[in-house]
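Comments concern the structure below.
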Amino acid sequence: MKSKRNRRNRNWHSRNDEGHGRRMEVGDLARAAAAPGWSRLAVRHDRIGAYARTTVIRDGHEIAAADVAGMDEPFRRLRELSYQAGAGTWFTCELEFAPGGRGYTGRVDSSAPPFEDVPPAAALAELTAFPRREPPGWLLAALPTAVPIELPVAYGERYDRWGSHLTERLGDHLLRHPLPITGELAYVPATAMTARGFDQDGRRGRHTLYLTEQAGEAGDEHFAMGGYGEAYWVARHGILGTGGGVRSVTLDGAVLRLGLTREAADLLETETVFEIHLDLPPETIAGLRTAVPGILRSVTGPPELIGF
Numbered sequence: 001m002k003s004k005r006n007r008r009n010r011n012w013h014s015r016n017d018e019g020h021g022r023r024m025e026v027g028d029l030a031r032a033a034a035a036p037g038w039s040r041l042a043v044r045h046d047r048i049g050a051y052a053r054t055t056v057i058r059d060g061h062e063i064a065a066a067d068v069a070g071m072d073e074p075f076r077r078l079r080e081l082s083y084q085a086g087a088g089t090w091f092t093c094e095l096e097f098a099p100g101g102r103g104y105t106g107r108v109d110s111s112a113p114p115f116e117d118v119p120p121a122a123a124l125a126e127l128t129a130f131p132r133r134e135p136p137g138w139l140l141a142a143l144p145t146a147v148p149i150e151l152p153v154a155y156g157e158r159y160d161r162w163g164s165h166l167t168e169r170l171g172d173h174l175l176r177h178p179l180p181i182t183g184e185l186a187y188v189p190a191t192a193m194t195a196r197g198f199d200q201d202g203r204r205g206r207h208t209l210y211l212t213e214q215a216g217e218a219g220d221e222h223f224a225m226g227g228y229g230e231a232y233w234v235a236r237h238g239i240l241g242t243g244g245g246v247r248s249v250t251l252d253g254a255v256l257r258l259g260l261t262r263e264a265a266d267l268l269e270t271e272t273v274f275e276i277h278l279d280l281p282p283e284t285i286a287g288l289r290t291a292v293p294g295i296l297r298s299v300t301g302p303p304e305l306i307g308f
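Okay, so the sequence shown: first residue is 1 according to full-length UniProt numbering, each after it adds one.
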């Protein structure tokens, strides 16, 4: 089974972008396999070549393998995306998810043996697909007499081709920083921001509003909502955006609160409830109260408006 997010969002811009999407896919599959009411959900994937094992633990108890399906592909792809020339890729990936949120923590390991006994064919396949300058001793010891024939490696090649065109727009760190093969992993979705600036743009028949962290500046943290004809969109940072997926927009005093679908929250890198604290004069908040319904007035399937 493939998650909704994975089906919807194949427009990844970098290895890191797709890698994050694959981890989110694993999280959705784990949540679907776990009965409601859990307080801790952990997934561990071990792999050498095609020899793999996935374990899902719900509150200290392992979920039956028959109830966990679809995780092999995202983990397989994660290993490809994480490959570093000469250094290989990870053998173990652990992810932990908390209830009531979209974040995760975890770790990857590229040196410790994931299995007590490593099949010779798996060791050979590993070093054929993911060549290493200095393989760990336990992996060398597991090799059969055959010598690995290193295959041309082109994992994530399309991102390398796009890099020169997208670096200026997305930032070099988003495109070229490699996925880790050893160390900690963490994703903490945003839950709120503070807006001290408000602006609108109504040119060319498009109505857009901007809420910025600093008055008069887009800055690193800003929120935008726009509408054109029957369509609308929301965005953060100027590049994280979704064309829909907003269930509700609430103006509660000096707080603008968005209720988002899971897919929209993941695209915006937020939780499914995202609050914008309005550090704005009353007359500016009044302008916002008029602007939001104006943007959404003619769209198809608009979010519910509360407090406007």
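Ideal placement from N, C-alpha and C gives every residue a C-beta, glycine not left out. Fair warning: this is a prediction, and the values are worked out from it, not measured in the lab.
Simplified DSSP state of residue i, which is helix, strand or coil
| i | result |
| --- | --- |
| GLU168 | Summary for GLU168: the model assigns pLDDT 48, below 50, so the residue's position carries little reliability; its value from the coordinates is reported in the next sentence. Here GLU168 sits in helix by DSSP. |
| ALA142 | helix |
| SER248 | strand |
| LEU280 | coil |
| VAL273 | strand |
| LEU29 | helix |
| HIS20 | helix |
| VAL255 | strand |
| GLU126 | helix |
| GLU96 | strand |
| LEU296 | helix |
| GLY86 | strand |
| GLY205 | helix |
| ARG102 | coil |
| GLY241 | strand |
| ALA291 | helix |
| ALA224 | strand |
Cβ-based burial, residue i [other Cβ within 10 Å; buried from 16]
| i | result |
| --- | --- |
| PHE130 | buried |
| GLY100 | exposed |
| PHE308 | exposed |
| ARG133 | exposed |
| ILE48 | buried |
| ARG297 | exposed |
| VAL108 | buried |
| ARG79 | buried |
| LEU260 | buried |
| ALA235 | buried |
| GLY245 | buried |
| LEU124 | buried |
| LEU140 | exposed |
| ARG23 | buried |
| ALA33 | buried |
Alpha-carbon spacing of residue i relative to residue j, whole angstroms
| i | j | result |
| --- | --- | --- |
| GLN214 | MET193 | 11 Å |
| GLY27 | ALA265 | 14 Å |
| GLU182 | VAL118 | One detail in the question is off: residue 182 reads as Thr in this sequence, not Glu. Going by the C-alpha atoms only, they are around 20 Å apart. |
| GLU168 | THR250 | Unreliable positioning characterises GLU168 in this predicted model, as indicated by a pLDDT of 48, which lies under 50. The coordinate reading is nonetheless provided below. Distance between the alpha carbons of GLU168 and THR250: 35 Å. |
| ARG15 | ALA35 | 32 Å |
| THR54 | ASP252 | 45 Å |
| TRP138 | GLU116 | 10 Å |
| GLY60 | ALA122 | 30 Å |
| GLU62 | VAL68 | 10 Å |
| ARG206 | THR270 | 25 Å |
| residue 310 | LEU209 | Look at the range of the chain in this structure, 1 to 308, and you will see that residue 310 is not part of it. |
| THR191 | ALA64 | 34 Å |
| VAL43 | GLY19 | 16 Å |
| LEU143 | VAL56 | 29 Å |
| TYR228 | PRO302 | 12 Å |
| GLY70 | ALA286 | 49 Å |
| ARG203 | ASP279 | 26 Å |
| HIS13 | GLY21 | 11 Å |
| ARG76 | ALA87 | 17 Å |
| LEU127 | THR92 | 16 Å |
| SER82 | VAL255 | 40 Å |
| THR145 | PRO114 | 22 Å |
| MET225 | HIS45 | 39 Å |
| ASP17 | ASN11 | 9 Å |
Residue from the options with nearest C-alpha to residue i
| i | options | result |
| --- | --- | --- |
| LEU211 | VAL246, ASP201, GLY197 | GLY197 |
| GLY241 | GLU230, ARG257, HIS222 | HIS222 |
| ASP201 | ALA286, GLY294, GLY243, PRO189 | GLY294 |
| GLY37 | ALA98, ARG77, VAL56 | ALA98 |
| LEU305 | ARG257, ALA50, PRO180, LEU280 | ARG257 |
| GLN84 | LEU179, GLU230, ASP279, HIS277 | LEU179 |
| GLY40 | ARG76, LEU288, THR284, GLY106 | Checking the sequence shown, residue 40 turns out to be Arg, not Gly. For ARG40, the nearest C-alpha among the options comes from GLY106. |
| ALA112 | LEU127, PRO136, GLU184 | PRO136 |
| HIS237 | ALA186, GLU230, LEU267 | LEU267 |
| LEU185 | GLU73, THR89, GLU96 | GLU96 |
| THR272 | ARG102, GLU283, ALA50, GLU73 | ARG102 |
| TRP90 | ALA66, ALA33, TYR104, ALA52 | ALA52 |
| THR284 | ASN11, PHE274, ASP199, THR300 | ASP199 |
| GLU275 | TYR187, VAL299, SER248, THR290 | SER248 |
| GLU94 | ALA30, THR145, ALA66 | ALA30 |
As an exercise, report each continuous alpha helix (DSSP H) stretch of at least 4 residues that is fully enclosed by the region 59-83, in chain order. 72-82
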